[in-house]
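Residue numbers (UniProt numbering): 1 to 164.
This is the structure in structure tokens:
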């Protein structure tokens with residue numbers, strides 16, 4: 001299995017179904033357009049033998065954030081920072097769920113965000129958990145801000161990735 005940038009000429013988005021209509025629609029209708037406009041980047045997990053079939057995907061972008069959403073220790077440490085990485089979407093097709101592909105996608109997303117942080121500098125990554133999936137992200141070290149948004153510092157990401 002490989003994770004590659006979404007390419008509408010290669011990857012069949014119409015066959016993807018993760019069971020969550022907004023995520024399906026995003027991949028099918030919006031992800032490619034946002035990538036072409038440099039608003040976000042979507043990556044797909046595929047089998048090299050059957051590269052048109054999307055097993056799962058994630059989308060990355062940058063956001064501005066309010067410091068008051070973070071714990072006080074981080075507010076004090078990052079007073080002058082307003083930018084953060086965001087994993088805005090992550091989903092696995094129903095046919096492939098339960099096989100740890102979500103974990104593979106998340107780790108790849110974190111590797112890409114760590115690399116981006118080393119180039120442009122930002123201290124924190126947020127994730128918008130869909131459909132009650134916050135527990136999935138918490139097991140990797142993400143901390144909740146509210147029911148759907150969680151965060152992890154880039155320093156914590158470096159530490160977590162050193163175990164892989």
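The beta carbon of each residue, even a glycine, is placed where N, CA and C say it ideally should be.
Here the structure is a predicted model, which is why all the values come from computation and not from measurement.
Output the boundary residues of the alpha helix (DSSP H) element that contains residue i.
{"i": "residue 148", "result": "That residue, residue 148, is in no alpha helix (DSSP H); it is neither H nor E in DSSP."}
{"i": "residue 25", "result": "21-25"}
{"i": "residue 13", "result": "Residue 13 -> no alpha helix (DSSP H), and no H or E assigned at all."}
{"i": "residue 100", "result": "Premise fails: residue 100 is in no alpha helix (DSSP H) and is neither H nor E."}
{"i": "residue 45", "result": "Taken as a continuous stretch (DSSP letters only), residue 45 belongs to no alpha helix (DSSP H), being part of the beta strand (DSSP E) at 41-47."}
{"i": "residue 36", "result": "31-36"}
According to the neighbour-count rule (16 or more other Cβ atoms, all chains shown, within 10 Å of its Cβ), is residue i buried or exposed?
{"i": "residue 73", "result": "exposed"}
{"i": "residue 92", "result": "buried"}
{"i": "residue 58", "result": "buried"}
{"i": "residue 115", "result": "exposed"}
{"i": "residue 44", "result": "buried"}
{"i": "residue 80", "result": "exposed"}
Under 8 Å Cβ to Cβ from residue i, same chain only, skipping five residues before and after it: list those, please.
{"i": "residue 148", "result": "128, 129, 130 and 134"}
{"i": "residue 75", "result": "67 and 68"}
{"i": "residue 32", "result": "6, 8, 13 and 42"}
{"i": "residue 113", "result": "60, 85, 87, 125, 154 and 157"}
State the start and end residues of the unbroken beta strand (DSSP E) segment that holds residue i.
{"i": "residue 127", "result": "124-128"}
{"i": "residue 62", "result": "50-64"}
{"i": "residue 88", "result": "83-92"}
{"i": "residue 161", "result": "First-last for residue 161: 154-161, but that is the alpha helix (DSSP H), not the beta strand (DSSP E)."}
For the candidate residues the options, whose alpha-carbon lies nearest to that of residue i?
{"i": "residue 2", "options": "80, 140 and 109", "result": "109"}
{"i": "residue 47", "options": "10, 62, 122 and 22", "result": "10"}
{"i": "residue 40", "options": "22, 62 and 29", "result": "62"}
{"i": "residue 132", "options": "79, 100 and 144", "result": "144"}
{"i": "residue 152", "options": "122, 162, 141 and 159", "result": "141"}
{"i": "residue 21", "options": "119, 79, 159 and 90", "result": "90"}
{"i": "residue 121", "options": "82, 107, 25 and 30", "result": "82"}
Tell whether a beta-carbon distance below 8 Å holds between residue i and residue j.
{"i": "residue 27", "j": "residue 16", "result": "yes"}
{"i": "residue 56", "j": "residue 102", "result": "yes"}
{"i": "residue 150", "j": "residue 164", "result": "no"}
Looking only at its chain, what residues have a beta carbon closer than 6 Å to the beta carbon of residue i, apart from the 5 residues adjacent to it on each side?
{"i": "residue 96", "result": "55"}
{"i": "residue 160", "result": "141"}
Beta-carbon within less than 7 Å of residue i's beta-carbon, same chain only, minus the 5 sequence neighbours each way: which residues are those?
{"i": "residue 51", "result": "10"}
{"i": "residue 106", "result": "90 and 140"}
If we cut at 8 Å on Cβ distances, does residue i have a partner in chain B?
{"i": "residue 161", "result": "Of the chains in the structure shown, none is chain B; there is only one protein chain."}
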